[in-house]
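Residue numbers (numbering that gives the first Met the number 0), protein chains in the order written: chain A, 0 to 242; chain B, 0 to 401.
For glycine and all other residues, C-beta sits at the position ideal for the given N, C-alpha and C.
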Amino acid sequence: MIQLYQVSRSFTVGDQEVAALRNIDLSIAAGDYVSIMGPSGSGKSTLLNLIGLLDRPSSGTYKLDGGNVTALDDEQQAKVRSEKIGFVFQAFHLVPRLTAAMNIELPLILAGIPPAERKARVTQLLENYGLADRADHRPDQLSGGQRQRVAIARATSMHPAVLLADEPTGNLDQTTGKEVLNLLEQLVAQHVALIVVTHDPAIGGRAQRQLHMVDGQIISETGKFVGRATPAETKSRAEPDLR
Amino acid sequence: MNLVDTLQFASGSLRGSLTRTLLMILAMSIGVAAVVVLTGLGEGARRYVVDQFSSLGTNLVIVFPGRTETAGIGPGMLIGQIPRELGLDDAQALLRSRAIARIAPLTVGSTQISRGALNREVVVLGSTADLIDIRHMSLSQGQFLPAGDIHSSESVCILGAKIKRELFGQEPVIGTWVRLGDRRFRVIGVMARQGESMGLNTDELVIVPVVSAHMLFNTSGLLRILVEAKSRDTVELAKRDAEEIMFERHNGERDVTVITQDAVLATFDRILRALTLAVGGIAAISLSVAGILIMNVMLISVSQRVKEIGLLKALGAPAIQIRNLFFAEAILLSGIGSLAGLILGQAGVMVIAKIYPSLPVSAPWWAVLAALGTSLGTGILFSVWPARRAARLDPVMALARS
Chain A
0 MIQLYQVSRS FTVGDQEVAA LRNIDLSIAA GDYVSIMGPS GSGKSTLLNL
50 IGLLDRPSSG TYKLDGGNVT ALDDEQQAKV RSEKIGFVFQ AFHLVPRLTA
100 AMNIELPLIL AGIPPAERKA RVTQLLENYG LADRADHRPD QLSGGQRQRV
150 AIARATSMHP AVLLADEPTG NLDQTTGKEV LNLLEQLVAQ HVALIVVTHD
200 PAIGGRAQRQ LHMVDGQIIS ETGKFVGRAT PAETKSRAEP DLR
Chain B
0 MNLVDTLQFA SGSLRGSLTR TLLMILAMSI GVAAVVVLTG LGEGARRYVV
50 DQFSSLGTNL VIVFPGRTET AGIGPGMLIG QIPRELGLDD AQALLRSRAI
100 ARIAPLTVGS TQISRGALNR EVVVLGSTAD LIDIRHMSLS QGQFLPAGDI
150 HSSESVCILG AKIKRELFGQ EPVIGTWVRL GDRRFRVIGV MARQGESMGL
200 NTDELVIVPV VSAHMLFNTS GLLRILVEAK SRDTVELAKR DAEEIMFERH
250 NGERDVTVIT QDAVLATFDR ILRALTLAVG GIAAISLSVA GILIMNVMLI
300 SVSQRVKEIG LLKALGAPAI QIRNLFFAEA ILLSGIGSLA GLILGQAGVM
350 VIAKIYPSLP VSAPWWAVLA ALGTSLGTGI LFSVWPARRA ARLDPVMALA
400 RS
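Put into C-alpha cells, the structure is as follows:
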C-alpha cells in the first residue's frame with residue numbers, strides 16, 4: 000500500500016545541504032504494524048512526515064495505494080491526507096477552545112461530511128473510546144490519556160488506511176501509555192496500517208516490523224540488517240562527521 | 000467544508016479571544032457610526048436649507064433693482080447715482096406675462112409702533128393681498144390685506160404674533176387701532192406663529208398695504224417683487240418675461256436682476272452635498288484605519304494559532320480552506336462591526352435630532368451603503384495578507400513549534 004522508492008530528503012541549513020533521509024526503500028502493506036526507532040536526528044520524524052504528505056521528498060517516488068502521490072499538487076495531497084491518513088501526535092494537538100466532541104468532528108467538517116452523519120460518527124467514536132461522558136469537556140479539562148484518546152478518535156474519524164503516530168506515548172505515564180498503545184493496536188486488526196515512531200524500544204518492540212534508522216537510513220528491520228549501505232558508508236556512519 | 004461550517008468555525012475562533020474581537024468590532028463600529036452621523040448632519044443641513052427655501056414659496060421668481068454683476072464700477076456709481084428703482088407700475092406690468100400667476104411687491108422700513116403707553120420698534124412690510132399665498136404664510140385670526148386696487152392706501156395692518164402678544168397680551172385685537180410712525184392703522188389680522196425663515200422673523204413684523212408703507216416712509220421704490228410662475232415648467236419663461244418687461248419699461252436698460260428660487264436652491268444644494276461628501280469621506284478614513292487594525296490583529300492571530308493551522312493542514316484542510324477561514328473571520332468581524340456601527344450611528348442621529356429638533360438629520364441611504372461597503376471591503380482587503388500567510392504555513396514547522 001505504501002511504497003517508497005529511493006526517497007531522499009535534504010534540508011538547507013545556512014548554506015549547507017543536510018541530508019535527513021538517504022535513498023529510503025520501504026514497502027508497507029495494509030494491516031502492517033510498523034515501528035520506526037532510532038536516535039534523535041536519525042530522520043524518523045522526517046520519514047513519518049513524508050509518508051503523511053506533510054512534506055515532499057527531494058528525490059524519489061512515493062506511491063500510496065498504487066498512485067504516485069509525489070506528483071500531486073498541494074490541494075490533491077490535502078485530499079489524500081483527509082481521506083487516507085490519520086495522525087496522532089506526541090503533544091496531542093487538540094484545539095483548546097473546542098470540546099472533545101468538536102475536536103473529533105473536525106476532520107469530518109473539513110471533509111464536508113453532512114452534519115447528521117458527523118454527529119452519528121462522533122457519538123460512535125466517543126462511545127468506542129470511552130469518552131461519552133467527556134464529550135463536552137475542553138482539552139484542559141481532560142487528563143493526558145483522555146486527550147490522547149480524543150486525538151486517536153479524531154485520527155480515525157475518517158476511517159484512514161494509514162495511521163501515523165509520532166511518539167504517541169511520549170507525554171503519558173507508563174500505564175496510560177500502554178492503554179493508548181492497546182487502542183492503536185486494535186486498529187491494526189481492522190486492517191489499518193499503523194506506523195509508530197518512537198525512541199523507546201519497549202514500545203517499538205511491540206510492532207511486528209521494527210525499523211531502525213540511523214543517519215537518514217533504515218539500517219535494519221526487526222533485528223536483521225536490511226540497509227544497502229556500502230562498508231565505506233557504514234564506516235563513515237560510525238565515525239563522527241568532522242565537516 | 001461548507002459555508003455554514005466555515006462561518007461556525009470562524010465565529011468559534013472569534014469567541015475564543017473575546018476581548019480582541021470586541022475591540023475590533025468597536026473600532027469598526029466607531030468608523031461606521033462616524034460616517035453615518037456626519038453624513039446625517041450634512042444631509043440634515045442640506046435639507047434644512049432646502050426646506051427653508053421652499054417655505055418661501057414655490058415656483059418663485061424674484062425681481063430686485065440693480066444688476067448684481069461684478070463688472071467693475073459703472074460711471075453712474077461714481078457720481079452717486081443709484082440704480083433706477085422699481086415702482087408699483089413695474090410690478091403690475093409683470094402680470095402681462097402669461098407665465099406669471101401673481102405678484103407681490105415688497106417694501107420694507109422700520110418705525111415705532113405704539114398702542115397707548117406701549118411702544119416698540121418694528122419692521123414694517125408693505126405688500127399686497129397675494130403675499131400671504133406666495134410666501135405660504137398663515138393667519139391666526141382676522142384677515143389679510145384686502146384684495147383689489149394695488150394703489151389703495153387703506154390704513155389697515157396685520158400684526159406678527161410676537162408684536163400682538165407684546166402690545167395686546169390676551170386682549171381682543173381685531174378692530175383696534177395702533178399707531179405706526181405718525182399714522183393710525185386698524186388691526187385686521189394677526190399672523191400665525193412661524194418663527195424665523197431665511198432671516199426674516201414674521202413674528203415680529205407688521206404688514207400694511209404697499210402704498211401705505213410708501214407714505215409712511217415717504218418713498219416710492221420697491222425692495223423687490225415676488226413673482227409666482229403658473230407652474231414649475233413656466234418658471235424659466237416667467238423669468239425671461241420679467242426680464243423683457245423690465246427691459247422694455249426701463250427704456251432698454253437692463254437694470255434689474257431676476258433670479259429664480261430654484262437657481263439659488265440648486266447652488267446651496269450643490270455646496271451642501273459636496274460638504275456632506277467631504278465630511279463623509281473624512282469619516283471613511285477612520286474606517287480604513289479600522290481595516291488596518293483588523294489586519295494587524297489578524298496577523299497576531301495567525302502567529303498565535305500556528306499550531307492550530309498546522310493541525311488543520313494535517314487533518315486534510317487545503318490551503319484555500321485555511322484562507323477562507325480567516326476571510327470568514329474578517330467578514331464576520333467587519334459585518335458585526337458595521338452593524339453595530341449602524342445602530343450606534345442611528346442612535347447618534349436620533350440624539351442630535353432630539354437636541355436640534357429643527358434640523359432634519361438623517362443619514363442618506365447612499366452614505367449608509369457606502370459605510371457598510373467600505374467596512375466590509377477594508378475588512379476583507381486587509382485580511383488577504385494574513386489569510387495568505389496562514390495558508391502558506393509549512394505544516395511540519397507549524398506542528399513542531401511549541
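What is the rounded straight-line gap between the Cα of Leu-244/A and the Cα of Gly-30/B?
-> No information on residue 244/A is available, as it lies outside the stretch 0 to 242 that chain A covers here.
Compare the beta carbon distance of Gly-315/B and Ala-110/A with 9 angstroms and say whether it is the shorter of the two.
-> In this structure, the beta-carbon distance from Gly-315/B to Ala-110/A falls below 9 angstroms.
Within the same chain, show all residues whose beta-carbon is closer than 6 angstroms to that of Arg-322/B, passing over the 5 residues directly before and after it, in chain order.
-> Ala-386 and Ala-390
Could you tell me which uninterrupted alpha helix (DSSP H) segments, each at least 4 residues in length, are contained entirely in the region 22-71 of chain A, listed from first to last along the chain?
-> Those alpha helix (DSSP H) runs which fall completely within the region 22-71 of chain A and span 4+ residues are 43-50.
Can you give me the start and stop residues for the beta strand (DSSP E) that Pro-394/B sits inside?
-> Here Pro-394/B belongs to no beta strand (DSSP E); instead the alpha helix (DSSP H) covers 394-399.
Of the residues Met-27/B, Leu-22/B, Thr-38/B and Arg-66/B, the one placed nearest Phe-246/B, counting alpha carbons only = Considering only alpha carbons, the answer is Arg-66/B.
What does a CB cutoff of less than 6 angstroms around Arg-178/B pick up in its chain, not counting 5 residues either side in sequence?
-> Ser-113
Can you tell which of Arg-148/A, Asp-214/A and Pro-200/A has its C-alpha closest to the C-alpha of Thr-221/A?
-> Pro-200/A
From the beta carbon of Ser-26/A, is the nearest beta carbon of chain B less than 9 angstroms away?
-> no
Taking only beta-carbon positions, decide if Glu-166/A is within less than 9 angstroms of chain B.
-> no
For the region 306-338 of chain B, enumerate the residues whose C-beta is nearer than 9 angstroms to any C-beta of chain A, in chain order.
-> Look at the region 306-338 of chain B: the residues with a C-beta under 9 angstroms from a C-beta of chain A are Lys-306, Glu-307, Gly-309, Leu-310, Leu-311, Lys-312, Ala-313, Leu-314, Gly-315, Ala-316, Pro-317, Ala-318, Ile-319 and Gln-320.
Grab me the residues of Pro-95/A's own chain with a C-beta within less than 6 angstroms of its C-beta, minus the 5 sequence neighbours each way, in chain order.
-> Pro-138
Compute the distance between the beta-carbons of Ile-202/A and Thr-168/A, then report whether it is under 9 angstroms.
-> yes
Just to confirm, does Gln-5/A get its C-beta within under 8 angstroms of one of the non-hydrogen atoms of the ligand FAD?
-> With respect to the ligand FAD, the structure shown offers nothing to examine, as it has no ligands at all.
Establish whether the CB of Ser-9/A and some CB of chain B are separated by less than 9 angstroms.
-> no
When DSSP labels each residue in this structure, what does Val-226/B get in the three-state scheme?
-> Three-state DSSP puts Val-226/B in a strand.
Alpha-carbon to alpha-carbon, Val-62/B and Val-255/B | 7 angstroms
What are the boundary residues of the beta strand (DSSP E) that includes Tyr-4/A?
-> 1-12
Looking at the unbroken alpha helix (DSSP H) that takes in Gly-169/A, where does it start and where does it end?
-> Note, Gly-169/A: premise wrong, no alpha helix (DSSP H); not H, not E.
Tell me whether Glu-170/B sits in a helix, a strand or coil according to DSSP, three-state version.
-> coil
Taking the Cβ atom as the reference point for each residue, do Tyr-32/A and Ala-160/A lie within a distance shorter than 9 angstroms?
-> no
Report the residue from Leu-124/B, Val-60/B and Arg-83/B whose alpha carbon sits nearest the alpha carbon of Ile-99/B.
-> Val-60/B
Beta strand (DSSP E) segment containing Met-212/A, residue limits = 208-213
So, does the CB of Ser-12/B fall closer than 9 angstroms to a CB anywhere in chain A?
-> Chain A, which has a Cβ nearer than 9 angstroms to the Cβ of Ser-12/B, makes this yes.
Output, in chain order, the set of chain B residues within a Cβ distance shorter than 9 angstroms of Glu-74/A.
-> The contacting residues are Pro-317, Ala-318 and Ile-319.
9 angstroms Cβ cutoff, Pro-138/A in contact with chain B | With a threshold of 9 angstroms between beta carbons, Pro-138/A makes no contact with chain B.
Among Gly-11/B, Leu-21/B, Arg-19/B and Met-27/B, which has the Cα closest to the Cα of Ser-287/B?
-> Met-27/B
If you draw a straight line from the alpha carbon of Gln-7/B to that of Leu-105/A, how long is it in whole angstroms?
-> 12 angstroms
Within chain B, the residues that Lys-78/A reaches when beta carbons sit closer than 8 angstroms | Per Cβ cutoff of 8 angstroms: Gly-315 and Pro-317.
Taking 9 angstroms as the CB-CB limit, is Leu-398/B close to chain A?
-> yes
For Arg-119/B, is the classification buried or exposed, using 16 other Cβ atoms within 10 angstroms of its Cβ as the cut-off for buried?
-> exposed
Beta-carbon proximity check, Gln-89/A vs Glu-184/A, cutoff 9 angstroms | no
Going along the chain, which residues of its own chain have a beta-carbon closer than 8 angstroms to the beta-carbon of Tyr-125/A, five neighbours each way excluded?
-> At residue 125/A the sequence reads Leu, which differs from the Tyr that was named. The answer, listed in chain order, is Ala-99, Ala-100, Ile-103, Ala-131, Arg-133, Ala-134 and Ala-152.
What residues of chain B sit near Pro-106/A, judged by a beta carbon separation below 7 angstroms?
-> Leu-314 and Gly-315
Can you tell me which of Gly-180/B, Arg-185/B and Val-395/B puts its alpha carbon nearest to the alpha carbon of Leu-158/B?
-> Arg-185/B
Chain B contact for Glu-82/A (CB, 9 angstroms cutoff) = yes
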